[in-house]
Structure formats: structure tokens, C-alpha cells
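Asks: So that we are looking at the same thing, I have put the structure below in C-alpha cells.
Number of protein chains: 2
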Amino acid sequence: MPSPRQKQDFPVQNVRRYLEPGPIVLVSSHWQGRSNVMTLGWHTVLEFSPSLVGLMISRGNHSFEMIRRSRECVINVPTEALVDSVVRVGNSSGAQVDKFAAYGLATAQASIVRAPLVAACHAHFECRLRDDALVERYNFFIFEVVKAHVAPSPRHPRTLHYTGDGAFMVAGKVISRRAMFRPDMLP
Amino acid sequence: MPSPRQKQDFPVQNVRRYLEPGPIVLVSSHWQGRSNVMTLGWHTVLEFSPSLVGLMISRGNHSFEMIRRSRECVINVPTEALVDSVVRVGNSSGAQVDKFAAYGLATAQASIVRAPLVAACHAHFECRLRDDALVERYNFFIFEVVKAHVAPSPRHPRTLHYTGDGAFMVAGKVISRRAMFRPDMLP
Numbered sequence: 001m002p003s004p005r006q007k008q009d010f011p012v013q014n015v016r017r018y019l020e021p022g023p024i025v026l027v028s029s030h031w032q033g034r035s036n037v038m039t040l041g042w043h044t045v046l047e048f049s050p051s052l053v054g055l056m057i058s059r060g061n062h063s064f065e066m067i068r069r070s071r072e073c074v075i076n077v078p079t080e081a082l083v084d085s086v087v088r089v090g091n092s093s094g095a096q097v098d099k100f101a102a103y104g105l106a107t108a109q110a111s112i113v114r115a116p117l118v119a120a121c122h123a124h125f126e127c128r129l130r131d132d133a134l135v136e137r138y139n140f141f142i143f144e145v146v147k148a149h150v151a152p153s154p155r156h157p158r159t160l161h162y163t164g165d166g167a168f169m170v171a172g173k174v175i176s177r178r179a180m181f182r183p184d185m186l187p
Numbered sequence: 001m002p003s004p005r006q007k008q009d010f011p012v013q014n015v016r017r018y019l020e021p022g023p024i025v026l027v028s029s030h031w032q033g034r035s036n037v038m039t040l041g042w043h044t045v046l047e048f049s050p051s052l053v054g055l056m057i058s059r060g061n062h063s064f065e066m067i068r069r070s071r072e073c074v075i076n077v078p079t080e081a082l083v084d085s086v087v088r089v090g091n092s093s094g095a096q097v098d099k100f101a102a103y104g105l106a107t108a109q110a111s112i113v114r115a116p117l118v119a120a121c122h123a124h125f126e127c128r129l130r131d132d133a134l135v136e137r138y139n140f141f142i143f144e145v146v147k148a149h150v151a152p153s154p155r156h157p158r159t160l161h162y163t164g165d166g167a168f169m170v171a172g173k174v175i176s177r178r179a180m181f182r183p184d185m186l187p
């Protein structure tokens, strides 16, 4: 697994490349001297530029108030090697346990926000809260990605996609239909 | 590919099973006697019950006004066999072409809404608009899934997950970590 120093800056307007396929993510937070991390599968890209993403962060999570108050988080994209950590993080609460210590998750300092990067992940997206209009009604947070770090390889990480019931789909083969697009439709 | 009559009713509170992994979807609509279909990758589950999902439907799409006015749509989940149709639907506009006829996409009647089911898809989720509070600002529609139809097999469909740049990740193997969950965490 690449260490954070092996990650490269990545254009924030292109985070759809990693988030649109729908991986489970680890969302880290920091508030009043403590950090936490949660597993999250309910998210969507909302805009290329500014780089906006929406996260449904259930109110029962210890992270909910930490993120609501700090107005920041980091979205980390784990791969197959981290599946057990993803489950452990998802099945425990930061109110009871320091998950980073308990599950051996090394962290690294983010560039802009105070929430830590989960070092073993393939990509890290530092986020600032952009709009909380739907937080009360739906626990839906709209963030702007302000900094992105991505491992240069593998080109197609084996991300995890949760189907419920304790089962994950692992990202499979990649097929290109680039030839079916007009040049002006592609970057 | 199963025909619509081979689909089974599926509990609407469980649609996360098909949507949380993040597949590209075909969203069909109907307004003033005409139907349309678009390709969409920016969606998220928001709640189990009521069964809420959020879709970012870009304003430039012909479907935008049809869905905003009819307040309904169907979310259809295509699989690998439909990749060329997914691209053709995504790269054309309902303002210029009847995509169902042009691309040979058979439809079937929905149970509750007037938008058609795209018959060759693995699953169909009939939706009614629940909240348009973020449509003006973010083109973000919150729908309630009011009826779900799913093919009973295969159990793990080879869904398509768009990464941009004309490339799709195809759903790969499934791994279970069910043994790591307490029984009360699972259905």
C-alpha cells in the first residue's frame, strides 16, 4: 500500500473518477483535539467545479456532530486489502474506542483540513462543508473537495462496494467505450 | 436478459442492495405523452424507510424538465450487456431523438408511475419526487422509491460503474464479511 508521501496531487474537479463508481469510503474527522473515522456508502458527486460531493452521515454516528461542528472531513477511498478494517470501523463507535489505535490505522496530516488522512487508502479528498441546508431533514451534507491526493498506481484500484448484508462487491475489470464518445465529450 | 414479467417484487426498503454499490443507471421519464431516458451516475441512497434516494440530474438534460414537472421517474439498473446502450443514451438528447426506438430499448409499463421500465435492465425502481428543495441550487432531486422490481437471477448482476473518460468498471467478485457483524446488525 502506498504511503501518503507516495500520493500525488490530483485535480479536485476530477474526483468523480474515484467517487462516481460508488466505493465504500472511510470518512475521517477532527474536533476538539480528537479524531475519528467512520465507514460510509451513501454519497454522490454533485458538481465538477466547484468540486462538490454529498454525504449522508447518519445522525447516530459519533462522527455526525464532529463533522457538523468542525465543518470539515476527509473522504478516504480504501481497497480490498482494507476490507476487515472497513468492517471494524463501520461496526464500532468513536464514542467508545479510538478506532485508529484499535484497528492499527496509520494516519497522515492533511494539507488544508485538520481531519487526518487514513494512510493506507488509495485516495484522500479533503473537504470543507459547503451547504448544510439538508442536514436537519436528511443528514445530507454538501462538501467542497478542496484538496485531493491519489496513489499513482494501480490505475484501477480494487475498491469495495457495499451491498448490505455483510457483503462487498470488489471492483472488477475495466472496459472502455471511449471510441463511442465525440472528442468534445472527453477531457 | 430477463423480461419484465420475470422480475419479482422487491422490498423498497432494501434498494440499497442495488444502488449503494454505485452503478450507472438509466433514468426514464414521461411527460405530456412522451417518454425519455437518460444515463446517470450521480446518485445516493438517503434512507431505508421511507425508501429515499437522491439524484443529481443536470439541468442541460432534456429529462430535467420532464422529471421536474411530472415529479416521477424510474431508476433502471443496467448490466454489462447493455454498455453500448448506456453510452448511446448518455451521448444523445431526447430533444432530438426517441432513444427507445433509436437504440432498440424495449419498455414495459410501470405499476405506479407513468414513466416506462427499460425492460432489459436487471432492476427497476419506480420513484415519486419527495423533495425539490435542492433542485434550484444543485439540480438534486430527492425521490421516494414506491415500487421495486428485480430479476431474481443472477444474484450479483454485473453492473456498470462509470469512471469518466469513456471507461466503465464492471462489478467483480463478491466477498462476505458477514461473520464480523453482530446478528442485530444484519437483516
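Protein chains in written order, with full-length UniProt numbering: chain A, 1 to 187; chain B, 1 to 187. The beta-carbon is built from N, C-alpha and C at its ideal position, and this holds for glycine as well.
Counting pairs of Cβ atoms below 8 angstroms between the stretch 138-156 of chain B and the stretch 56-63 of chain A, do you hit three or more?
Replies: Flag = no, the stretch 138-156 of chain B and the stretch 56-63 of chain A do not touch.
Asks: Measuring CA to CA, which of B:Ser29, B:Gln8 and B:His43 is closest to B:Val37?
Replies: Taking the second sequence and counting its residues from 1, the one referred to as residue 37 of chain B is at position 37. Checking every option, the nearest Cα to that of B:Val37 belongs to B:Ser29.
Asks: Candidates A:Arg128, A:Phe64 and A:Leu134: which alpha carbon is nearest B:Arg137's?
Replies: Indexing the second sequence from 1 puts residue 137 of chain B at position 137. Cα-wise, what sits closest to B:Arg137 is A:Leu134.
Asks: Where does B:His30 fall in DSSP's three states?
Replies: Along the second sequence, one-based indexing puts residue 30 of chain B at 30. It is a strand residue.
Asks: Could you pull the DSSP bridge partners for B:Gln8 from this structure?
Replies: The sequence position of residue 8 of chain B within the second sequence is 8, counting from 1. For B:Gln8, which the question treats as bridged, DSSP gives the partners B:Val150.
Asks: Looking at C-alpha atoms only, which residue of A:Gly90, A:Glu80, A:Gln6 and A:Trp31 is the closest neighbour of B:Leu186?
Replies: What you label residue 186 of chain B is simply residue 186 of the second sequence in a count that begins at 1. Cα-wise, what sits closest to B:Leu186 is A:Gly90.
Asks: Excluding five sequence neighbours on each side, which residues of the same chain lie with their C-beta closer than 7 angstroms to the C-beta of A:Gln6?
Replies: In the first sequence, counting from the first residue as 1, residue 6 of chain A sits at position 6. Excluding positions up to five away in sequence, the list reads Ala151.
Asks: Which term fits A:Arg130, buried or exposed, when burial requires 16 or more other beta carbons within 10 angstroms of its beta carbon?
Replies: Taking the first residue of the first sequence as position 1, residue 130 of chain A is located at position 130. A:Arg130 should be labelled buried.
Asks: Which class does residue 189 of chain A belong to by DSSP, given the choice of helix, strand or coil?
Replies: The requested residue 189 of chain A does not occur in the structure, where chain A is confined to residues 1 to 187.
Asks: What residues in the stretch 15-34 of chain A bring their beta carbon closer than 9 angstroms to a beta carbon of chain B?
Replies: The stretch 15-34 of chain A vs chain B, Cβ under 9 angstroms: Arg16, Arg17, Tyr18, Leu19, Glu20, Pro21, Gly22, Pro23 and Ile24.
Asks: Give me the Cα-Cα distance between B:Pro21 and A:Glu20, rounded to the nearest whole angstrom.
Replies: Numbered from its first residue, the second sequence carries residue 21 of chain B at position 21. Numbered from its first residue, the first sequence carries residue 20 of chain A at position 20. Their Cα atoms are separated by approximately 10 angstroms.
Asks: So, under 8 angstroms CB-CB, A:Arg16 and A:Phe48 are touching, yes? Tell me the CB distance rounded to an integer number of Å.
Replies: On the first sequence, position 16 is the one that residue 16 of chain A refers to. On the first sequence, position 48 is the one that residue 48 of chain A refers to. With 8 angstroms as the limit, A:Arg16 and A:Phe48 qualify as a contact, their Cβ atoms being about 7 angstroms apart.
Asks: Could you list which residues in chain A have their beta carbon closer than 7 angstroms to that of B:Leu82, in chain order?
Replies: In the second sequence, counting from the first residue as 1, residue 82 of chain B sits at position 82. Going along chain A, no residue has its Cβ under 7 angstroms from B:Leu82, so there is no contact; the nearest lies around 12 angstroms.
Asks: Quick check on this structure: which residue in A:His62, A:Thr79, A:Met66 and A:Val87 has the alpha carbon closest to the alpha carbon of A:Leu95?
Replies: Taking the first residue of the first sequence as 1, we reach residue 95 of chain A at position 95. According to the sequence provided, residue 95 of chain A is Ala. The question's Leu does not apply to it. Considering only alpha carbons, the answer is A:His62.
Asks: Using a C-beta to C-beta distance shorter than 7 angstroms, which residues of chain A count as neighbours of B:Pro183?
Replies: Position 183 of the second sequence, counted from the start, is the residue given in the question as residue 183 of chain B. What B:Pro183 touches in chain A: nothing, since even the nearest Cβ is about 11 angstroms away.
Asks: Report yes if the CB atom of A:Glu126 is closer than 7 angstroms to the CB atom of A:Val74, and no otherwise.
Replies: Here residue 126 of chain A refers to the residue found at position 126 when the first sequence is read from its first residue. Here residue 74 of chain A refers to the residue found at position 74 when the first sequence is read from its first residue. Taking 7 angstroms as the Cβ cut-off, A:Glu126 and A:Val74 qualify as a contacting pair.
Asks: Give a yes or no on whether the C-beta atoms belonging to A:Thr79 and A:Arg158 are separated by under 7 angstroms.
Replies: The residue labelled residue 79 of chain A in the question sits at position 79 within the first sequence. The residue labelled residue 158 of chain A in the question sits at position 158 within the first sequence. It is a contact, given that the beta carbons lie within the stated cut-off.
Asks: Pick from B:Leu46, B:Ala115, B:Phe143 and B:Asn139: whose alpha carbon is nearest that of B:Arg128?
Replies: Taking the second sequence and counting its residues from 1, one reaches residue 128 of chain B at position 128. Closest option to B:Arg128, Cα to Cα, is B:Phe143.
Asks: Against A:Ser92, what residues of chain B qualify as contacts under a CB-to-CB distance less than 8 angstroms, listed in chain order?
Replies: As a first step, residue 92 of chain A is located in the first sequence; it is residue number 92 there, counting from the start. Correct list: empty, because the minimum Cβ distance to chain B is about 11 angstroms.
Asks: Are there 16 or more other CB atoms within 10 angstroms of the CB of A:Gly112, so buried, or fewer, so exposed?
Replies: The count along the first sequence starts at 1 and reaches residue 112 of chain A at position 112. Per the sequence presented here, residue 112 of chain A reads as Ile, with Gly not at that position. Label assigned to A:Ile112: exposed.
Asks: State the DSSP-derived secondary structure class of A:Ser92, mapped to helix, strand or coil.
Replies: Indexing the first sequence from 1 puts residue 92 of chain A at position 92. Reduced to three states, the DSSP call for A:Ser92 is coil.
Asks: For A:Arg88, I'd like the list of residues in its chain whose CB is within less than 7 angstroms of its CB, leaving aside the five on either flank, ordered along the chain.
Replies: Indexing the first sequence from 1 puts residue 88 of chain A at position 88. Tyr103, listed in sequence order.
Asks: Does DSSP put A:Tyr162 in a helix, in a strand, or in coil?
Replies: As a first step, residue 162 of chain A must be located in the first sequence, where it is residue number 162. Correct three-state label for A:Tyr162: strand.
Asks: Less than 8 angstroms between the CB atoms is what I'm expecting for A:Ser35 and A:Ala115, so what's the real figure, rounded?
Replies: The residue labelled residue 35 of chain A in the question sits at position 35 within the first sequence. The residue labelled residue 115 of chain A in the question sits at position 115 within the first sequence. About 7 angstroms; that satisfies the 8 angstroms criterion.
Asks: Go to A:Met66, then tell me how far its alpha helix (DSSP H) extends in each direction, as first and last residue.
Replies: Mapped onto the first sequence, residue 66 of chain A falls at position 66. From DSSP, the alpha helix (DSSP H) with A:Met66 extends over His62 to Ser70.
Asks: Helix, strand or coil, according to DSSP, for B:Phe100 in the structure here?
Replies: Here residue 100 of chain B is taken as the residue at index 100 of the second sequence, counted from 1. If DSSP states are grouped into helix, strand and coil, B:Phe100 belongs with the helices.
Asks: So the candidates are A:Ser85, A:Val12, A:Gly33 and A:Ser93; which of them puts its Cα closest to the Cα of A:Gly60?
Replies: On the first sequence, position 60 is the one that residue 60 of chain A refers to. When each option's Cα is compared against that of A:Gly60, the closest is A:Ser93.
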